[in-house]
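Going by full-length UniProt numbering, the first residue of the sequence shown is number 1, and it counts up by one from there. Every residue gets a Cβ at the ideal spot worked out from N, C-alpha and C, and that includes glycine. Keep in mind the model is a prediction, meaning the values are calculated, not measured. Have a look at the structure below, then the notes.
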Amino acid sequence: MPELPEVETVRRTLTQLITGKKIEKVTVNLARIIQRPDDPRLFSQEMEGHVITGVGRRGKFLRIEMDNLVLVSHLRMEGRYGLYKSDEPVEKHTHVIFHFTDGTELRYRDVRQFGTMHLFAPGEEFKNKPLMKLGLEPLDESFTLESLRKVLAGRKTKIKVALLNQEYIVGLGNIYVDEALFRAGIHPERPADSLSDDEFVKLYQSIITTLTEAVEAGGSSIKSYVNGQGEMGMFQQQLQIYGRKNEICNRCGGVIEKSVVGGRGTHYCPRCQQL
1 MPELPEVETV RRTLTQLITG KKIEKVTVNL ARIIQRPDDP RLFSQEMEGH VITGVGRRGK
61 FLRIEMDNLV LVSHLRMEGR YGLYKSDEPV EKHTHVIFHF TDGTELRYRD VRQFGTMHLF
121 APGEEFKNKP LMKLGLEPLD ESFTLESLRK VLAGRKTKIK VALLNQEYIV GLGNIYVDEA
181 LFRAGIHPER PADSLSDDEF VKLYQSIITT LTEAVEAGGS SIKSYVNGQG EMGMFQQQLQ
241 IYGRKNEICN RCGGVIEKSV VGGRGTHYCP RCQQL
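Have a look at this one:
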């Protein structure tokens, strides 16, 4: 599933590609992608004639902003957006097409069919599902050391499980939690409330550094992820721990291990991240 860096890369790409375009009509080929309103025909009708003014992000969700409307879109496992000319062949598994008045089309393709779209009046998206209970935004200026301490204070759950909880911190998925914990030297099974002051500082800094570097690299191309222009992210070439089971740790020379934490495959170095 695309995590924060991948979604941020898509956001930046779509901002360049579709801002200022006017929607002529919308074609929905798979009704269950549309979650709000629950009638795909109404979904299509409401967007006709609107101009895209920008593309935002909240956690792993895209916010396609229009004049008086906001489309909240989650890519889930394999959702992709791409801009095409209207006369280009439509690929299989293309479920939603936004037809623009300039002869181009924004197409949403999703082989697994898990993606979702919700339509709101501006501001209402934050008061309703799926955005209403999301936690701290780790690349926002509101994400401070104290805010991280506060959200994890007194929580006895394993630190990896806590960091994956989108009600605490948004956008962090399996790849980047493993990477951040490795950089901070914290074992993924440590209880969140067991971290020392120094470890909180290291964790805070490692989350920001890991995500910032990943965004700059365009995200990771793990599995089938690509951005809105069909380009693959390159951060996977910089991964220090994730996906490196039985390989040598670049920091200490030990052997990287893999276990299951909170139902998720978890990579760690038992020397650098002692329990």
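Where residue i and residue j are concerned, what is the direct C-alpha to C-alpha distance, given to the nearest angstrom?
{"i": "G173", "j": "E3", "result": "6 Å"}
{"i": "N165", "j": "G135", "result": "8 Å"}
{"i": "S44", "j": "E91", "result": "20 Å"}
{"i": "E216", "j": "V7", "result": "12 Å"}
{"i": "L195", "j": "A153", "result": "10 Å"}
{"i": "P40", "j": "K60", "result": "23 Å"}
{"i": "D140", "j": "Q16", "result": "21 Å"}
{"i": "E65", "j": "E125", "result": "11 Å"}
{"i": "C269", "j": "K133", "result": "33 Å"}
{"i": "I34", "j": "T104", "result": "22 Å"}
{"i": "K22", "j": "L131", "result": "26 Å"}
{"i": "R36", "j": "K25", "result": "17 Å"}
{"i": "T101", "j": "L42", "result": "20 Å"}
{"i": "G263", "j": "R190", "result": "16 Å"}
{"i": "residue 284", "j": "V261", "result": "There is no way to answer for residue 284, as the model of the chain reaches only from 1 to 275."}
{"i": "Q240", "j": "D87", "result": "43 Å"}
{"i": "L71", "j": "R32", "result": "15 Å"}
{"i": "L275", "j": "Y84", "result": "51 Å"}
{"i": "E146", "j": "D197", "result": "11 Å"}
Grab me the residues of residue i's own chain with a C-beta within less than 8 Å of its C-beta, minus the 5 sequence neighbours each way, in chain order.
{"i": "N29", "result": "T94, H95, V96 and I97"}
{"i": "L69", "result": "E46, M47, H50, L119, F120, A121 and P122"}
{"i": "R11", "result": "V55, G56, R57 and L62"}
{"i": "V177", "result": "K160, L163, L164 and P188"}
{"i": "F114", "result": "R76, M77, E78 and G79"}
{"i": "E167", "result": "K133, L134 and G135"}
CB-CB under 6 Å to residue i, same chain, minus the five flanking residues each way: which ones, in chain order?
{"i": "R251", "result": "C272"}
{"i": "A180", "result": "S206, I207 and T210"}
{"i": "G247", "result": "Looking at the sequence shown, residue 247 is not Gly but Glu. Counting only Cβ-Cβ distances below 6 Å, and skipping sequence neighbours, we find I256."}
If I'm right that residue i touches residue j with Cβ under 8 Å, what's the distance once you round it to whole angstroms?
{"i": "T19", "j": "H74", "result": "The Cβ separation is near 21 Å, so there is no contact."}
{"i": "L203", "j": "A184", "result": "4 Å"}
{"i": "Y242", "j": "I169", "result": "That belief does not hold up - the Cβ atoms of Y242 and I169 are roughly 18 Å apart, past 8 Å."}
{"i": "F200", "j": "L148", "result": "7 Å"}
{"i": "H99", "j": "T27", "result": "7 Å"}
Below 7 Å CB to CB, which residues in the same chain sit around residue i once its five sequence neighbours on both sides are set aside?
{"i": "S224", "result": "Any answer about S224 is weak, because its pLDDT of 37 lies below 50 and its placement is not dependable; what the coordinates show is given next. Cβ within range, chain order: E78."}
{"i": "R244", "result": "I256 and H267"}
{"i": "F143", "result": "L136 and E137"}
{"i": "R155", "result": "A162, A192 and D193"}
{"i": "residue 280", "result": "With the chain covering 1 to 275 only, the question about residue 280 has no answer from this structure."}
Going by DSSP, what residues sit across from residue i in a beta bridge?
{"i": "K158", "result": "P191"}
{"i": "I34", "result": "M117"}
{"i": "H267", "result": "K258"}
{"i": "L71", "result": "I64 and L119"}
{"i": "V55", "result": "I64"}
{"i": "T27", "result": "I97"}
{"i": "Y108", "result": "Y81 and V96"}
{"i": "I248", "result": "V255"}
{"i": "I241", "result": "I241 is not bridged to any residue."}
{"i": "K22", "result": "V51"}
{"i": "L136", "result": "I169"}
Quick check: is any heavy atom of the ligand FMN less than 7 Å from the C-beta of residue i?
{"i": "G254", "result": "Absent from the structure shown: the ligand FMN. Ligands present: none."}
For the pair the region 67-87 and the region 108-115, tell me if three or more CB-CB distances fall below 8 Å.
With a cut-off of 8 Å, the region 108-115 and the region 67-87 count as touching, because enough Cβ pairs lie within range.
Are the region 179-194 and the region 149-163 touching, with three or more C-beta to C-beta distances below 8 Å?
Result yes; three or more Cβ-Cβ pairs closer than 8 Å.
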